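Report on the following structure.
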Amino acid sequence: MINPLRGMKDTVGEFSEKYIYFIENASRIAKNYGFSYIETPILEETALFKRSVGESSDIVGKEMYQFTDKGNNDVCMRPEGTAGVVRAFISQKYDRAGGVKRFFYHGPMFRYERPQKGRLRQFHQFGVETFGVQSVKEDAMIILMLRDMFEFFSIKYSLQINSLGCPDCMPTYRENLVKFLDSIDGLCEDCLRRKITNPIRVLDCKNENCHKLLESAPMLLSNICSTCRADFDELKSILKSFGLEYEVNTKLVRGLDYYNKTAFEFISNEIGAQSAITGGGRYDKLVEYLDGRSTPGVGFAMGIERLIDLVKMPENKKIGYYIGAMSDEAIKQVMHLVVKLRKSNVVHTQYSSKSLKAHMKAADKVNAKKFICIGDSELETKTYVVKDLDTKEEISVELRD
RNA sequence: GUAGGUGUAGCUCAGUUGGUUAGAGCAUCAGGUUGUGGUUCUGAGGGCCGUGGGUUCGAUUCCCAUCACUUACCCCA
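As structure tokens, this is what we get:
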């Protein structure tokens with residue numbers, strides 16, 4: 216027997232029902248907010264992710280499905296969605312055209328990691344990206360849209376926000392932080408490594424000892440420039456005016472190199488260790504890094520497998536028809552009626568003749584609302600009965616060839 | 001890579017202090033005297049007890065290895 220690869224799952228059964236429901240409704244809400252659908256290739260040049268996500272991140276460093284294709288190109292399967300969308304934005308020359316573009320996307324992403332709860336090697340993200348809006352009002356609007364989505368799906372969350380600063384204030388802060396880190400002893404192994412590769416992430420360490428050592432570390436938020444500060448204050452005041460609760464987490468860091476200014480995470484405490492169900496923020500320099508004309512950007516990505524268990528589906532109502540045959544002669548007649556009704560209804564049927572009782576049981580199983588059964592007497596009288604399985608009402612209908 | 005947990009029917013799990021024919025619930029299928037359902041009753045099918053080796057007269061059970069799944073660390077959505 217051939218099994219699926221480690222960390223790969225089939226989308227079937229209850230998961231597929233929920234998946235479709237999620238995608239349809241998240242898409243609908245995104246459209247209400249002015250986003251339009253974009254789909255980019257799963258396979259991209261490896262350089263795209265090295266330059267955008269950043270070589271210091273584990274994603275690029277050791278988790279990419281990377282290989283050389285038959286044309287000798289260094290390619291990899293996308294580990295995240297933003298890089299591809301930004302690449303497409305530039306490829307379409309939207310950066311030259313100017314103006315505002317809003318996109319939403321969804322689909323599989325690939326990271327070669329050890330699978331655990333809420334983490335697969337092939338997983339699915341839903342995300343949005345806005346290009347060409349410098350105002351932090353867009354950041355706020357995107358966060359408000361997420362609130363709409365989570366409310367629609369009845370998902371409980373908490374929101375954390377932070378500002379990562381900009382190219383004017385971040386480098387200075389980073390230097391100060393490294394100086395501070397050099398001055399202390401006893402950091403864990405991971406932090407010593409992070410000090411070199413991506414010092415900001417030391418702040419995020421879960422090791423208790425490191426936590427203590429970092430209590431007197433310089434904080435990002437108290438070192439950002441006046442522009443960043445003003446934007447962050449405006450973001451907070453907008454969220455407040457919409458009654459959206461948030462927590463400022465000065466240690467919140469995005470794992471991807473391209474983020475600046477606004478960073479946020481939606482967190483659930485009901486799903487295990489991988490509690491971040493959505494992460495996002497601003498990336499004003501990314502278009503430029505990827506050789507486009509400088510264009511600000513902001514967006515988020517949600518991990519669908521992480522939040523799908525929290526999605527509450529509406530109760531399924533009885534819908535459509537069940538049509539059964541009670542004699543072999545009636546099967547053909549049933550098939551004709553089934554095909555006719557399927558032009559505008561969900562219709563279930565079976566190709567074998569069964570007792571009326573057996574058919575009714577089958578109709579209940581598929582949750583049909585209307586029930587039709589055709590046997591010898593129906594063929595003889597040229598009429599059949601449509602029974603409503605909710606109201607138990609029956610109406611007689613003429614059987615035509 | 002590291003650490004813990006789990007592998008028995010399609011699914012969820014019992015069980016065997018080592019012994020002939022391995023159980024339950026759910027699901028599936030067929031019936032409950034000629035054609036009115038959702039709860040019920042009866043019956044049937046379905047298992048290399050994860051794989052390989054060891055101990056033993058005998059292993060699904062004990063020992064070793066291995067693989068798979070799972071949770072957690074790292075990282076991230």
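All you need for the numbering used here is the position in the first sequence, starting with 1, plus 215.
Where a beta carbon is used, it is the ideal one built from N, C-alpha and C, also for glycine.
Since the structure is predicted, the reported quantities are computational estimates derived from the model, not experimental observations.
Handout entry: Residues bridged to K580 [DSSP beta-bridge criterion]
Key = Start at 1 with the first residue of the first sequence, and residue 580 comes out as number 365. Paired residues: none, contrary to the question.
Handout entry: Y327 in three-state terms, based on DSSP
Key = Here residue 327 is taken as the residue at index 112 of the first sequence, counted from 1. Here Y327 sits in coil by DSSP.
Practice task
Evaluate contact between the stretch 424-443 and the stretch 342-355, counting only Cβ atoms and requiring at least three cross-stretch pairs below 8 Å.
Solution key: Short answer: they don't touch.
Practice task
Please say whether V290 and E259 have beta carbons closer to each other than 8 Å?
Solution key: As a first step, residue 259 is located in the first sequence; it is residue number 44 there, counting from the start. As a first step, residue 290 is located in the first sequence; it is residue number 75 there, counting from the start. Going by beta carbons, E259 and V290 fall inside the 8 Å limit.
Exercise for the section: Might you give, ordered along the chain, the residues of its own chain that have their beta carbon closer than 6 Å to the beta carbon of F586, omitting 5 neighbours on each side? Expected result: Counting from 1 along the first sequence, the entry for residue 586 is found at position 371. The residues are Y537, A578, K602 and L604.
Problem - Own chain residues within Cβ distance below 7 Å of R362, not counting five before or after - result: Residue numbering aside, residue 362 sits at position 147 when the first sequence is read from its first letter. Counting only Cβ-Cβ distances below 7 Å, and skipping sequence neighbours, we find L459.
Practice task
Return the CA-CA distance between I415 and N422, expressed in angstroms with no decimal places.
Solution key: On the first sequence, residue 415 is found 200 positions in, with the first residue counted as 1. On the first sequence, residue 422 is found 207 positions in, with the first residue counted as 1. In a straight line, the C-alpha of I415 is about 15 Å away from that of N422.
Practice task
Let me know the secondary structure DSSP gives I358 once reduced to three states.
Solution key: Counted from its first residue, the first sequence places residue 358 at position 143. If DSSP states are grouped into helix, strand and coil, I358 belongs with the helices.
Practice task
Compare the beta carbon distance of A516 and K332 with 8 Å and say whether it is the shorter of the two.
Solution key: As a first step, residue 516 must be located in the first sequence, where it is residue number 301. As a first step, residue 332 must be located in the first sequence, where it is residue number 117. A516 places its beta carbon 8 Å or farther from that of K332.
Practice task
Take T283 as the anchor and find which of N424, S509, T261 and K455 has the nearest alpha-carbon.
Solution key: On the first sequence, position 68 is the one that residue 283 refers to. Of the candidates N424, S509, T261 and K455, the one whose C-alpha sits nearest the C-alpha of T283 is T261.
Problem - Unbroken stretches of the beta strand (DSSP E), 3 residues or longer, contained in the stretch 381-440 - result: Listed in chain order, nothing qualifies, since the stretch 381-440 has no complete beta strand (DSSP E) run of 3 or more residues.
Practice task
Taking I238 as part of the beta strand (DSSP E), name the residues at either end of that continuous run.
Solution key: On the first sequence, residue 238 is found 23 positions in, with the first residue counted as 1. Premise fails: I238 lies in the alpha helix (DSSP H), G228 to N247, not in any beta strand (DSSP E).
Handout entry: Burial state of T412, where buried means 16 or more other Cβ atoms lie within 10 Å
Key = Your numbering for residue 412 matches position 197 in the first sequence. Per the 10 Å Cβ criterion, exposed.
Problem - 8 Å Cβ cutoff met for G535 and T564 - result: In the first sequence, the residue the question calls residue 535 occupies position 320. In the first sequence, the residue the question calls residue 564 occupies position 349. Not closer than 8 Å, so no.
Practice task
Compare the beta carbon distance of Y474 and R266 with 8 Å and say whether it is the shorter of the two.
Solution key: Looking up residue 474 in the first sequence gives position 259. Looking up residue 266 in the first sequence gives position 51. No; because the gap between Cβ atoms is not below 8 Å, this pair is not in contact.
Handout entry: Where M550 falls: helix, strand or coil (DSSP)
Key = As a position in the first sequence, residue 550 is number 335, starting the count at 1. The answer is helix: DSSP assigns M550 an H, G or I state.
Handout entry: Cβ contact check for the stretch 424-433 and the stretch 372-387: 3 or more pairs under 8 Å
Key = no
Practice task
Please confirm whether L418 and V468 have their CB atoms less than 8 Å apart.
Solution key: Here residue 418 refers to the residue found at position 203 of the first sequence. Here residue 468 refers to the residue found at position 253 of the first sequence. Closer than 8 Å, so yes.
Practice task
With a cut-off of 8 Å on the beta carbons, I'd call T297 and E344 a contact; round off their distance for me.
Solution key: To locate residue 297, count along the first sequence from 1; it is residue 82. To locate residue 344, count along the first sequence from 1; it is residue 129. The pair is a contact, with the Cβ atoms about 6 Å apart (cut-off 8 Å).
Exercise for the section: Using a threshold of 8 Å, state whether the C-beta atoms of I376 and V513 are closer than that. Expected result: The count along the first sequence starts at 1 and reaches residue 376 at position 161. The count along the first sequence starts at 1 and reaches residue 513 at position 298. Inclusion of I376 and V513 in the CB contact set at 8 Å is not warranted, their separation being larger than that value.
Exercise for the section: From the DSSP output, in three-state form, read off A312 for me. Expected result: Working through the first sequence from its first residue, we reach residue 312 at position 97. Residue state, collapsed to three classes: helix.
Problem - Opening and closing residue of the beta strand (DSSP E) in which G342 lies - result: As a working mapping, residue 342 is identified with position 127 in the first sequence. Start and end: Q337 to F346.
Problem - Simplified DSSP assignment, three categories, for S378 - result: Against the first sequence, residue 378 aligns to sequence position 163. If DSSP states are grouped into helix, strand and coil, S378 belongs with the strands.
Problem - Assigned secondary structure, T606 (DSSP; H/G/I helix, E/B strand, else coil) - result: As a working note, residue 606 is residue 391 in the first sequence. Here T606 sits in coil by DSSP.
Exercise for the section: Express the C-alpha separation of Y248 and I358 in angstroms, rounding to a whole number. Expected result: Residue mapping note: residue 358 aligns to position 143 of the first sequence, counting from 1. Residue mapping note: residue 248 aligns to position 33 of the first sequence, counting from 1. Those two C-alpha atoms are separated by around 11 Å.
Handout entry: Own chain residues within Cβ distance below 7 Å of A583, not counting five before or after
Key = Taking the first residue of the first sequence as position 1, residue 583 is located at position 368. Around A583: K533, G535, Y536, Y537, H563 and L604.
Problem - Whole-Å CB distance - L402 paired with C425, under 8 Å assumed - result: Position 187 of the first sequence holds residue 402. Position 210 of the first sequence holds residue 425. Between C425 and L402 the Cβ distance is about 6 Å, and since that is below 8 Å, they are a contact.
Exercise for the section: Give every residue of the same chain whose Cβ lies closer than 6 Å to the Cβ of I453, excluding the five residues on either side of it in the sequence, and list them in chain order. Expected result: Locating residue 453 in the first sequence gives position 238, counting from the first residue. If we look at I453 and ignore the five residues flanking it on each side, its Cβ neighbours are A355.
Practice task
Select from Y252, G276, G314 and H339 the residue whose C-alpha is nearest the C-alpha of D225.
Solution key: The sequence position of residue 225 within the first sequence is 10, counting from 1. Taking only the C-alpha atoms, the option nearest D225 is H339.
Practice task
Leaving aside the five residues before and after K466 along the sequence, list all residues of the same chain whose C-beta is less than 7 Å from its C-beta, in chain order.
Solution key: By one-based count along the first sequence, residue 466 stands at place 251. Correct list, in chain order: L418 and D419.
Problem - Residues sharing a beta bridge with T261, DSSP - result: Start at 1 with the first residue of the first sequence, and residue 261 comes out as number 46. DSSP, once it has assigned bridges, lists no residue as partnering T261.
Exercise for the section: Select from I274, G228, K558 and S373 the residue whose C-alpha is nearest the C-alpha of S484. Expected result: In the first sequence, the residue the question calls residue 484 occupies position 269. Note that residue 484 is Asn in the sequence shown, not Ser. For the set I274, G228, K558 and S373, the Cα lying nearest the Cα of N484 is the one of S373.
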